[in-house]
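Below is one structure, written out as structure tokens; the observations come after it.
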Amino acid sequence: MKTNKLLTVAQYEFKQMTGTKAFIILTILGPFLILAITVLPSLLAMNPQVIQGSVSVGHAGLSSQQVGDLRGVLTDMQITLKEYSGEDQIREAVREGAIRLGIASQAQGEPVLFSKEAVDFTLVGRVQDVLGKAIVRDRLAGQGYDPQTILALTKAPQFSHITLSEQGEESSDSGGFGSGFFTVFTMAMLLYMTILLYGQMIGRSVVQEKTSKTVEILLSSLKPGELMGGKILGIGLAGVLQYGIWIVTTVIASTLLEPVIGPGMLSQINPGNLAALMVFFLLGYFLFGSAYAAIGAASQDEQQMGQMSLPLILFLIIPIMLLSSIIMNPSTGLAVGLSWFPLTSPIIMLARVVIETPAMWEILGSIAVLLCTIALVILGGGKIFRTGILLTGSKKKLGEVLTWLWKS
């Protein structure tokens with residue numbers, strides 16, 4: 001195999017890929033989508049009026065202290081607090097849509113919440129928290145406790161979340177578990193979509209050249225291995241360029257946004273996790289890209305390629321389906337097993353690295369298994385590619401295609 005011919009094919013595929021409008025638009029929008037998915041949910045939870053519009057809460061029968069506490073919290077959420085004369089007026093205001101949530105204190109001092117439709121759980125949670133504390137303070141005051149003692153007894157503790165590694169290192173996550181969930185989910189979905197997208201591009205490119213007879217002209221001056229390797233390398237370099245731009249832009253944007261929204265929401269978007277994203281993209285791409293090149297060579301049209309590639313897609317979908325469970329329990333036998341199985345490990349191991357970094361030997365072992373699998377897939381895929389690239393006529397079944405692996 002002549003390296004210069006392989007590089008020529010790679011250069012052509014790289015230019016074809018990076019010159020499309022879709023590639024340019026996706027490259028520009030990628031970092032904004034990453035930040036939007038990881039940051040917006042937390043911001044919207046803290047500011048429900050952004051998606052709900054102007055929000056008003058009504059109250060009746062609350063003490064002045066309860067109203068003051070409630071007003072302080074709702075003002076921070078940019079929510080208006082309105083006073084009504086009684087429970088009947090609260091009910092009517094809720095039915096007419098004048099207020100989103102109504103609060104009425106009954107004879108026993110227990111508040112009742114009224115709403116016409118589903119209310120943001122963050123708003124309800126904060127209202128219940130504030131009023132609950134205020135009612136407890138009123139009860140303590142009724143038992144003769146002085147205000148300072150009541151404040152000391154009812155002051156809520158401040159929780160910190162510290163992540164411990166097996167090496168004894170500690171890291172603080174002020175963003176809590178929510179920020180980690182959205183970051184892992186975003187990275188996993190990005191990995192799933194790009195591996196699938198670039199793999200299918202390789203397969204379609206091979207099928208199109210095969211059906212248009214272009215491949216016969218190419219193979220007059222190229223070996224099948226040079227054509228296959230050039231396609232995988234060229235499109236892969238385009239992916240590296242795209243990911244590189246995404247990572248650099250995301251790091252810069254995170255640095256600029258941190259003083260505004262706080263470090264907690266961006267705690268998981270760090271250079272280490274972004275580097276892991278790049279590594280597992282490359283490993284996943286070369287694994288699935290090589291398989292797609294072989295499937296494309298064995299297919300007579302894109303429809304057949306889609307049918308033959310269904311098992312590959314299944315192994316990309318399984319990690320996404322199990323992602324929520326793995327994020328909550330990243331050290332279970334299922335999560336560990338899937339992070340070692342090569343067809344699922346790119347997404348699963350990335351999720352484990354981001355949410356709860358495993359031991360280094362696990363990460364390196366998973367990468368080593370992936371590299372060995374990639375070598376085997378390239379070797380076997382090359383045999384299928386050489387056999388199937390010039391075959392036309394009847395469509396071959398997957399079982400028949402697999403028998404080509406044993407051909408010399």
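Heads up, the sequence shown stops at 408 in full-length UniProt numbering, and the numbers go up one at a time, no gaps. Note that beta-carbon positions come from the ideal geometry of N, C-alpha and C, so glycine has one too.
- Here Ile103 is bridged, per DSSP, to His59, Leu113.
- Of the other Cβ atoms in all chains shown, fewer than 16 fall within 10 Å of the Cβ of Tyr12; this residue is therefore exposed.
- Annotation: Gln65 to Gly97 spans about 27 angstroms, alpha carbon to alpha carbon.
- Distance from the CA of Val136 to the CA of Phe181, rounded to the nearest whole angstrom, comes to 34 angstroms.
- In this structure Ser339 is not in contact with Leu370, their Cβ atoms being roughly 10 angstroms apart against a cut-off of 8 angstroms.
- The stretch 348-364 makes no contact with the stretch 286-294: fewer than 3 CB pairs, one atom from each, lie closer than 8 angstroms.
- The C-beta distance from Tyr285 to Gly244 rounds to 14 angstroms, too long to fall under 8 angstroms, and the pair is not in contact.
- Runs of the alpha helix (DSSP H) lying entirely within the stretch 209-241 and spanning at least 4 residues, in chain order: 214-218.
- The Cβ atoms of Leu81 and Arg71 sit closer than 8 angstroms to each other.
- Linking Asp69 to Gly337 through their CA atoms gives a straight-line distance of about 50 angstroms.
- Straight through space, the alpha carbons of Pro111 and Gly86 are spaced by roughly 12 angstroms.
- Out of Lys395, Phe23, Trp404, the CA that lies nearest to the CA of Met201 is found in Phe23.
- Looking only at Ile235, Phe341, Gly380, the smallest Cα-Cα distance to Met17 is reached by Ile235.
- Looking at Ile34, Glu302, Phe341, Lys231, the one whose alpha-carbon comes closest to that of Phe185 is Ile34.
- Ranked by how close their Cα comes to the Cα of Gln208, the residues Met278, His59, Thr255, Asp301 have Asp301 in first place.
- In the DSSP secondary-structure assignment, Lys82 is bridged to Gly58.
- Within 10 angstroms of the beta-carbon of Lys397 lie fewer than 16 other beta-carbons, which makes it exposed.
- Thr75 and Tyr84 have their C-alpha atoms roughly 18 angstroms apart.
- Linking Lys213 to Leu391 through their CA atoms gives a straight-line distance of about 11 angstroms.
- Per DSSP, reduced to three states, the secondary structure at Thr122 is helical.
- Rounded to whole angstroms, the gap between the alpha carbons of Ser220 and Arg204 is 21 angstroms.
- By alpha-carbon distance to Phe14, the top candidate from Thr211, Tyr198, Phe114 is Tyr198.
- Here Leu131 is actually not in contact with Met187; their C-beta atoms are around 39 angstroms apart, not less than 8 angstroms.
- The DSSP-derived three-state label of Gly132 is helix.
- No residue range can be given for Ile389, since it is assigned to no alpha helix (DSSP H) and is classified by DSSP as neither H nor E.
- Between Ile195 and Leu316, the C-beta gap is smaller than 8 angstroms, which places the two residues in contact.
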